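Right, one structure below, let's go through it.
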Amino acid sequence: MKYIRFLLFPFSTLYYLITSLRNLLFDKQLLKATSFAVPTLVVGNLSVGGTGKTPQIEYLIRLLSGVYKVAVLSRGYKRKTKGFLLVSEASSVEEIGDEPLQFFKKFKNITVAVDEKRVHGIQELLKQHSPEIVLLDDAFQHRTLKASIYILLTSYADLFTNDFLLPVGNLRESRHGAKRAETIIVTKCPADLSKKEQQEIAKKINPSKNQSLFFTSISYSQTLKGKQHLELKELVNYEVLLITDWLQALAISRSSSFFKSNY
5 MKYIRFLLFP FSTLYYLITS LRNLLFDKQL LKATSFAVPT LVVGNLSVGG TGKTPQIEYL
65 IRLLSGVYKV AVLSRGYKRK TKGFLLVSEA SSVEEIGDEP LQFFKKFKNI TVAVDEKRVH
125 GIQELLKQHS PEIVLLDDAF QHRTLKASIY ILLTSYADLF TNDFLLPVGN LRESRHGAKR
185 AETIIVTKCP ADLSKKEQQE IAKKINPSKN QSLFFTSISY SQTLKGKQHL ELKELVNYEV
245 LLITDWLQAL AISRSSSFFK SNY
């Protein structure tokens, strides 16, 4: 598979030219980008794949929703509808996607909406709910929006500095796009990541003076919650079947991190 992808290098070069021209036009303000008075925080990445955007959005919700009126706007990945929709108790995964529904069910004091056109989505949120802060999931490449803050995520096991543009690699745009972020977060780090390794990663990413760099890890619950609760340590008594596909593994989480967990 790796060698087949490298045969696609000419297409990767063409993709680079197209995405770089698009970014240049926005950087030079030859293409219009809309900003808002209300603070807008974008959480995104440069690559296709699971960098931990959902846990990061949830962290921001917990951090901010006790103080501000928070709204979350997502495109609604794989939903079967179009346009702006508010998430409600009657919403289904087919209508609004799984992650927006997850946000809505976990956090009752926020507004959740979906719209593939982020600018239009924010305009509708302001009309209907007047949020004080809007969190945008996976909108780093949505250049028609000029957000207040950009938070860029990159996975410890798959740093954007080690990757290549599609279709050779998994990058949606060139590594230079990282310069748009105010904050870069290396996600899914080992809990015992040493200072020395942090410095080595920082050297690879080479953040500018105006950028903050953080390292985070994910702590999993020790209880599986469903109709019956099950302690994870009890899984050793079961034969476990994990079913996934390559697209789901990229979009949600690399399954290798699951196997490395202490289950």
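Heads up, the numbering used here is the position in the sequence shown plus 4, with the first residue counted as 1. A virtual CB, placed ideally from N, CA and C, is assigned to each residue, including glycine. Since we're looking at a predicted model, the values are computed, not measured.
1. Assign ASN49 to buried or exposed, taking buried as 16 or more other Cβ atoms, counted over all protein chains shown, within 10 Å of its Cβ.
2. What does the Cβ neighbour count give for LEU34, buried or exposed, with the cut at 16 atoms within 10 Å?
3. Determine the direct distance from the alpha carbon of TYR154 to that of PRO43, and round the result to whole angstroms.
4. Out of LEU89, VAL172, LEU105, LYS121, state which residue places its alpha-carbon closest to the alpha-carbon of LEU11.
5. Would you check if the stretch 17-37 and the stretch 139-151 touch, i.e. whether three or more CB-CB distances between them fall below 8 Å?
6. Going by Cα to Cα distance, which pick from LEU169, LYS208, ILE188 is closest to THR17?
7. Under the DSSP definition of a beta bridge, which residues are partnered with SER78?
8. If you follow the alpha helix (DSSP H) that VAL97 is part of, which residue opens it and which one closes it?
9. Measure the alpha-carbon distance for SER152 versus TYR72 and round it to whole angstroms.
10. Pairing CB atoms from the stretch 59-69 with CB atoms from the stretch 98-117, are three or more of them under 8 Å?
11. Check this for me: beta carbons of ASP162 and GLY56, under 8 Å apart or not?
12. Quick test of the definition: if touching needs 3 or more C-beta pairs under 8 Å, does the stretch 58-67 touch the stretch 129-148?
13. So, with DSSP's three-state summary, where would you put GLY181?
14. How would you call GLY230, buried or exposed, if buried means at least 16 neighbouring beta carbons within 10 angstroms?
15. With TYR160 and LYS192 assumed to form a contact (beta carbons below 8 Å), what rounded beta-carbon distance in angstroms separates them?
16. Among residues of its own chain, excluding the 5 on either side of TYR303, which ones have a beta-carbon nearer than 7 Å to its beta-carbon?
17. By the three-class DSSP mapping on this structure, what secondary structure does ASP196 have?
18. Would you grab the beta carbon distance between PRO104 and GLY80 for me? Rounded to a whole angstrom, and I think it's under 8 Å.
19. Assuming ASP31 is part of the alpha helix (DSSP H), what are its boundary residues?
20. Can you tell me whether PRO194 is buried or exposed? The criterion is at least 16 other CB atoms within 10 Å of its CB, across all chains shown.
21. In three-state terms, what does DSSP make of TYR72?
22. Which residue's Cα is closest to the Cα of ASP102: PHE88, ARG26, ARG83, ILE188?
23. Using only CA atoms, which one of LYS86, GLY87, PHE108 lies nearest to ALA94?
24. Pop quiz: PHE164 and ALA117 are said to be a contact at Cβ under 8 Å. What is the actual Cβ separation, rounded to whole angstroms?
25. What is the DSSP secondary structure of THR165, counted as helix, strand or coil?
26. Would you decide whether PRO14 is buried or exposed? Buried here means 16 or more other CB atoms lie within 10 Å of its CB.
On the basis of the supplied data:
1. buried
2. exposed
3. C-alpha separation (whole angstroms): 11 Å.
4. VAL172
5. By the Cβ test, the stretch 139-151 is in contact with the stretch 17-37, since at least three Cβ pairs between them sit closer than 8 Å.
6. LEU169
7. Answer is VAL118, bridged to SER78.
8. Note, VAL97: alpha helix (DSSP H), 97-100.
9. Answer to the nearest angstrom: the Cα atoms are 16 Å apart.
10. yes
11. no
12. yes
13. Of the three classes helix, strand and coil, the one that applies to GLY181 here is helix, per DSSP.
14. exposed
15. 5 Å
16. Outside the modelled stretch of the chain, which goes from 5 to 267, sits residue 303, for which no answer is possible.
17. coil
18. 6 Å
19. 13-31
20. exposed
21. coil
22. ARG83
23. Nearest C-alpha to ALA94: PHE108.
24. The pair is not a contact, with the Cβ atoms about 29 Å apart (cut-off 8 Å).
25. Correct three-state label for THR165: helix.
26. exposed
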